[in-house]
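Have a look at the structure below, then the notes.
Chains as they are written, first to last, in our numbering: chain Y, 1 to 75; chain L, 1001 to 1253.
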């Protein structure tokens, strides 16, 4: 296989596999947050803050994978 | 379609190259400063117009910072840095969405190929800007910690000879501080640069109509990334200025 084809494949696999973990993680964060709001609707403001923060943490890992994919493809 | 990971150089000042991201972040700074100057001329007790907007922004940020520190004196001490961080990042992110950014530029010949060099590019779509913000934040966290609880107590968090476990925890803390620089810079850079690439690709696939929902997403992402950067900085400052030995004494009782 020639180098260009390998680069494209590598970029695709990097972001494809790299997005699985964060997607599951953010789904779990959202599920627990919504469940907590369901138990205690008055605390929804207090639950939203940590939820957004934790989701940004989990999403950052997907972004690391995306940056690697972009570096492989464009550099 | 030409997507460049590194920000392209558009000129020089002496021997320092100026990139299009740097130029856009200058424009964002000028916008913030001019808005602040215009809103604080002829201030009245009951605000109207731009003074009202500025007071709303400052008040919301003060509540945000206070919600983490829970202590008004500490909030007021660290508020200027944190609010500036938030406003700088959000101004850069949103300015990168205006029409003209990324599309107005000139053609140049590089290595025999003709490339399009845009004149403006989102300020945080350059790893240099985000790395500078991350380094500045982590250095300031260390300085705030040393000023708040004293140099030796603060360094004692990292270099701890009380027991072998504490020693390894100290080493992990040092590694953690460096990893925070990487995570700060890459989180912001990745989100904003990936947003630019996404908009370019969607515009290429479905012009005029396709990008509309993605612009909404980018506005939201720009706000959230500024918020996350600031909140993380706040949490790290709070951890740095907390005196841990006090906690141990309280737990012993």
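Even glycine gets a Cβ: it sits at the ideal position worked out from N, Cα and C.
Spatial neighbours of residue 1253 of chain L within its chain, please: C-beta separation below 8 Å, excluding the five flanking residues on both sides. On the second chain, residue 1253 of chain L is found 253 positions in, with the first residue counted as 1. A caution first: residue 1253 of chain L carries a pLDDT of 49, below 50, which makes its placement in the model too unreliable to give a value.
Quick check on the DSSP output: the alpha helix (DSSP H) that includes residue 1195 of chain L runs from which residue to which? If you number the second chain from 1, residue 1195 of chain L lands on position 195. Unbroken alpha helix (DSSP H) run through residue 1195 of chain L: 1164-1205.
Compute the Euclidean distance between the alpha carbons of residue 1249 of chain L and residue 1196 of chain L, then round it to the nearest angstrom. By 1-based counting over the second chain, the position of residue 1249 of chain L is 249. By 1-based counting over the second chain, the position of residue 1196 of chain L is 196. Residue confidence for residue 1249 of chain L is low, a pLDDT of 48 falling below 50, so the modelled location carries little weight; the figure read from the coordinates is stated next. Roughly 51 Å separates the two Cα atoms.
What is the rounded straight-line gap between the Cα of residue 1256 of chain L and the Cα of residue 72 of chain Y? Here chain L has residues from 1001 to 1253 only, and residue 1256 of chain L is not among them.
DSSP bridge partner residues for residue 1019 of chain L (one or two, in chain order): Within the second chain, numbered from 1, the residue matching residue 1019 of chain L stands at position 19. Residue 1019 of chain L is bridged to L/1009.
Name the chain Y residues whose beta carbon is nearer than 7 Å to that of residue 1191 of chain L? The count along the second chain starts at 1 and reaches residue 1191 of chain L at position 191. Going along chain Y in sequence order, the residues near residue 1191 of chain L (Cβ under 7 Å) are 63.
Candidates L/1036, L/1027, L/1239, L/1130: closest to residue 1177 of chain L by CA position: Along the second chain, read from residue 1 onward, the residue named residue 1177 of chain L stands at position 177. Out of L/1036, L/1027, L/1239, L/1130, L/1239 has the C-alpha closest to the C-alpha of residue 1177 of chain L.
Could you check what DSSP says for residue 1048 of chain L in three-state terms: helix, strand or coil? The residue labelled residue 1048 of chain L in the question sits at position 48 within the second chain. Residue 1048 of chain L: coil per DSSP, three-state reduction.
Interface positions of the segment 1004-1023 of chain L facing chain Y (Cβ-Cβ less than 9 Å), listed along the chain: 1004, 1005, 1006
Are three or more beta carbon pairs between the segment 1175-1190 of chain L and the segment 1124-1132 of chain L nearer than 8 Å? yes
Since residue 71 of chain Y is in the alpha helix (DSSP H), which residue starts that stretch and which ends it? The residue labelled residue 71 of chain Y in the question sits at position 71 within the first chain. Looking at the DSSP string, the run of the alpha helix (DSSP H) that includes residue 71 of chain Y is 44-74.
Using a Cβ-Cβ distance under 8 Å, would residue 1253 of chain L count as near chain Y? Locating residue 1253 of chain L in the second chain gives position 253, counting from the first residue. Any reading at residue 1253 of chain L must be qualified, since the residue scores a pLDDT of 49, below 50, and its modelled position is unreliable; the value itself is stated next. No, no contact with chain Y.
Relative to the C-alpha of residue 1188 of chain L, which candidate in L/1157, L/1230, L/1205 has its C-alpha closest? Residue 1188 of chain L sits at position 188 when you count from the first residue of the second chain. Among L/1157, L/1230, L/1205, the Cα nearest to that of residue 1188 of chain L belongs to L/1230.
Is residue 1079 of chain L close to chain Y, meaning its C-beta is less than 8 Å from at least one C-beta of that chain? Counted from its first residue, the second chain places residue 1079 of chain L at position 79. Taking Cβ atoms only, chain Y never reaches closer than 8 Å to residue 1079 of chain L, which makes this a no.
Report buried or exposed for residue 77 of chain Y, applying the criterion of at least 16 other Cβ atoms within 10 angstroms of its Cβ. Any property of residue 77 of chain Y remains undetermined from this structure, which presents chain Y solely from 1 to 75.
Which of the three DSSP states, helix, strand or coil, is assigned to residue 1161 of chain L? As a working mapping, residue 1161 of chain L is identified with position 161 in the second chain. In this structure, residue 1161 of chain L counts as coil in the three-state DSSP scheme.
Using a C-beta cutoff of 8 Å, does residue 66 of chain Y count as contacting chain L? Translated into the one-based positions of the first chain, residue 66 of chain Y becomes position 66. Yes, contact with chain L.
Through-space distance from residue 1221 of chain L to residue 1233 of chain L, alpha-carbon basis: Looking up residue 1233 of chain L in the second chain gives position 233. Looking up residue 1221 of chain L in the second chain gives position 221. Whole-angstrom Cα-Cα distance: 18 Å.
Using a C-beta to C-beta distance shorter than 8 Å, which residues of chain L count as neighbours of residue 97 of chain Y? Outside the shown range of chain Y, which is 1 to 75, sits residue 97 of chain Y, and nothing can be said about it.
Environment of residue 1217 of chain L [buried if 16+ CB atoms lie within 10 Å]: Along the second chain, read from residue 1 onward, the residue named residue 1217 of chain L stands at position 217. Residue 1217 of chain L should be labelled exposed.
Closer than 8 Å, CB to CB, is residue 1144 of chain L near chain Y or not? Within the second chain, the letter at position 144 stands for residue 1144 of chain L. Answer no: the Cβ-Cβ gap between residue 1144 of chain L and chain Y never drops below 8 Å.
Mind pulling the chain Y residues with CB within less than 9 Å of residue 1180 of chain L? Position 180 of the second chain, counted from the first residue, corresponds to residue 1180 of chain L. In chain order: nothing, as chain Y lies at least about 11 Å away.
Between the CA atoms of residue 1228 of chain L and residue 41 of chain Y - distance to the nearest angstrom: Here the question's residue 41 of chain Y lines up with position 41 in the first chain. Here the question's residue 1228 of chain L lines up with position 228 in the second chain. One C-alpha to the other measures close to 24 Å.
Would you call the CB atoms of residue 1237 of chain L and residue 1144 of chain L closer than 8 Å? For the purposes of this step, residue 1237 of chain L is taken as residue 237 along the second chain, with counting starting at 1. For the purposes of this step, residue 1144 of chain L is taken as residue 144 along the second chain, with counting starting at 1. The answer is yes: Cβ separation under 8 Å.
Minimum Cβ-Cβ distance from residue 1194 of chain L to chain Y less than 8 Å: As a position in the second chain, residue 1194 of chain L is number 194, starting the count at 1. It does; some Cβ of chain Y falls within 8 Å.
If the criterion is Cβ atoms closer than 8 Å, does the pair residue 1019 of chain L and residue 1126 of chain L meet it? Locating residue 1019 of chain L in the second chain gives position 19, where the first residue counts as 1. Locating residue 1126 of chain L in the second chain gives position 126, where the first residue counts as 1. Yes, they are a contact pair.
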